[in-house]
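Report on the structure given below.
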Amino acid sequence: MNVKRNVLLNPGPSTTTDTVKLAQVVPDICPREKEFAGIMAPMREDLVRIVHGDPEEYTSVLFCGSGTICIDVALNSLLDEGKKALVINNGAYSQRACDVCRYYGMPLIEVKQPLNDTPDLQVIEDALRQNPDIGYVYVTYHETGTGLLNPVREIGALAHRYGAFLISDTTSAYAMIPINVSEDNIDFCMASAQKGIMGMTGLSYIIGRRDIIERSRNFPKRSYYCNLYMQYEFFEKTGEMHFTPPVQTIYAARQALREYFEEGEEAKWARHQRVMAAIRRGIDELGLKEALPRSVQAGLVAAIDYPDVPGWDFEKVHDYCYERGFTIYPGKIDGRGGFRLCALGAIDEQDITDFWAVFKEALKANGIKLPGPA
Ligand SMILES: *Cc1c(COP(=O)(O)O)cnc(C)c1O
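Residue 386 is where the sequence shown ends in our numbering, and the numbering goes up by one at each step.
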């Protein structure tokens with residue numbers, strides 16, 4: 013079988029290897045067979061290992077759904093009676109977390125911070141001091157819309173000082189940026205198989221503190237399908253998901269995890285950084301401008317403003333690149349036209365070099381002239 017290779021520069025799903033794609037082609041199996049539970053048990057351990065969690069202290073719980081299911085599950089399952097959620101809102105994904113809290117009618121302290129700068133820790137500390145009933149603090153590790161990196165370790169330390177625990181949406185950082193849950197003061201984090209581990213869509217996971225999950229057994233139940241304790245308990249008792257798992261996606265994830273550990277945490281992060289450096293070289297060469305200073309970026313997403321030049325047409329440039337196997341993606345910053353180039357997935361420097369060559373052809377074919385180096 014020969015599968016066409018596309019270079020995805022969108023923020024996930026990411027480009028996958030052929031071996032991960034082909035790992036989905038397996039004999040039909042009923043996921044209630046012991047053989048299938050035997051695939052998920054080591055997977056749960058591997059997912060904890062990626063963020064260096066002590067397996068006594070941390071566990072992982074798998075869900076069938078896109079990454080947002082973990083935002084939903086973590087927020088709605090981990091808030092005890094009489095407690096408030098504190099969400100640091102500085103991007104599209106933390107806005108989503110605020111929306112989830114409101115949908116469930118949960119008491120929410122929303123700490124709004126600028127989209128383009130590191131949040132002010134003093135403001136977060138003040139909110140914690142003024143609200144002694146905060147159950148958890150929630151922060152997006154890497155805001156994928158802008159590329160902003162949040163100071164999760166410092167925010168986690170603050171949460172702990174005020175008796176709250178920390179939930180971080182690490183979906184667009186997990187298995188890319190090295191994370192150590194205990195050093196980074198993270199009690200719960202989450203991700204999705206189509207991002208960092210370079211697997212397929214449809215499988216997502218929460219990694220978090222066993223003792224808090226056990227305690228959450230008595231927290232208010234706000235959802236039937238999306239409850240963390242229920243899924244955890246089922247896994248602990250039977251080794252299975254409560255409801256039908258995404259079978260083929262799990263086979264692909266098993267292969268993706270093998271490849272993750274083969275490549276290694278450091279080498280993989282070095283590769284993503286190499287890819288981003290190549291993206292930035294092209295940006296500078298063409299005189300494109302990014303929405304955020306590089307000093308506050310995580311280094312995995314470049315959010316580029318639409319250039320203010322005659323004839324610029326994102327659709328046309330996109331289509332030209334797409335037809336040649338390169339996918340670029342619109343921006344996600346309200347009121348600001350732009351597009352994104354992301355360093356996720358099974359790609360390397362040469363792919364970016366090839367991409368910029370095609371991008372330049374696209375400009376030429378459409379009569380668009382960019383300013384060039386500053
Ligand atoms: C991709 C992503 C998600 C999940 O989005 P889905 O579309 O539900 O897969 C959640 N949080 C962050 C930060 C993300 O980048």
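Just so you know, even glycine gets a beta-carbon here, dropped at the ideal spot from N, CA and C.
Between which two residues does the alpha helix (DSSP H) containing residue i stretch?
| i | result |
| --- | --- |
| Ile83 | Thr80 to Ser89 |
| Cys238 | Here Cys238 belongs to no alpha helix (DSSP H), and DSSP marks it neither H nor E. |
| Glu294 | A quick correction: the sequence has Gly, not Glu, at residue 294. Unbroken alpha helix (DSSP H) run through Gly294: Glu277 to Leu298. |
| Asp138 | Leu133 to Gln142 |
| Ile359 | Segment: none, Ile359 is in no alpha helix (DSSP H) and carries neither H nor E. |
| Lys96 | Here Lys96 belongs to no alpha helix (DSSP H); instead the beta strand (DSSP E) covers Lys96 to Asn101. |
With C-beta atoms as the reference, is residue i less than 9 Å away from residue j?
| i | j | result |
| --- | --- | --- |
| Cys76 | Phe338 | no |
| Val85 | Asn230 | no |
| Met188 | His64 | no |
| Arg234 | Asn197 | no |
| Glu271 | Thr31 | yes |
| Tyr148 | Ile179 | yes |
| Gly211 | Leu269 | yes |
| Ala139 | Ile121 | yes |
Look up residue i in the DSSP assignment and say whether it is helix, strand or coil.
| i | result |
| --- | --- |
| Pro342 | strand |
| Thr31 | helix |
| Val112 | helix |
| Ile209 | coil |
| Thr182 | coil |
| Ile189 | coil |
| Ile198 | coil |
| Asp317 | strand |
| Leu19 | Note on residue identity: the sequence assigns Val, not Leu, to residue 19. Correct three-state label for Val19: strand. |
Indicate, with yes or no, if ligand 1 has a heavy atom lying under 8 Å from the CB of residue i.
| i | result |
| --- | --- |
| Gln206 | yes |
| Pro23 | yes |
| Gly211 | no |
| Asp325 | no |
| Ala155 | The identity of residue 155 in the sequence shown is Glu, whereas the question assumes Ala. It does: the Cβ of Glu155 is within 8 Å (strictly closer) of some heavy atom of ligand 1. |
| Ser235 | no |
| Thr152 | yes |
| Tyr70 | no |
| Asp111 | no |
| Ile198 | no |
| Thr29 | no |
Name the two residues that bound the continuous beta strand (DSSP E) containing residue i.
| i | result |
| --- | --- |
| Tyr150 | Ile146 to Thr152 |
| Thr71 | Tyr70 to Cys76 |
| Asp223 | Where Asp223 is concerned, there is no enclosing beta strand (DSSP E), although the alpha helix (DSSP H) it sits in stretches over Arg222 to Arg227. |
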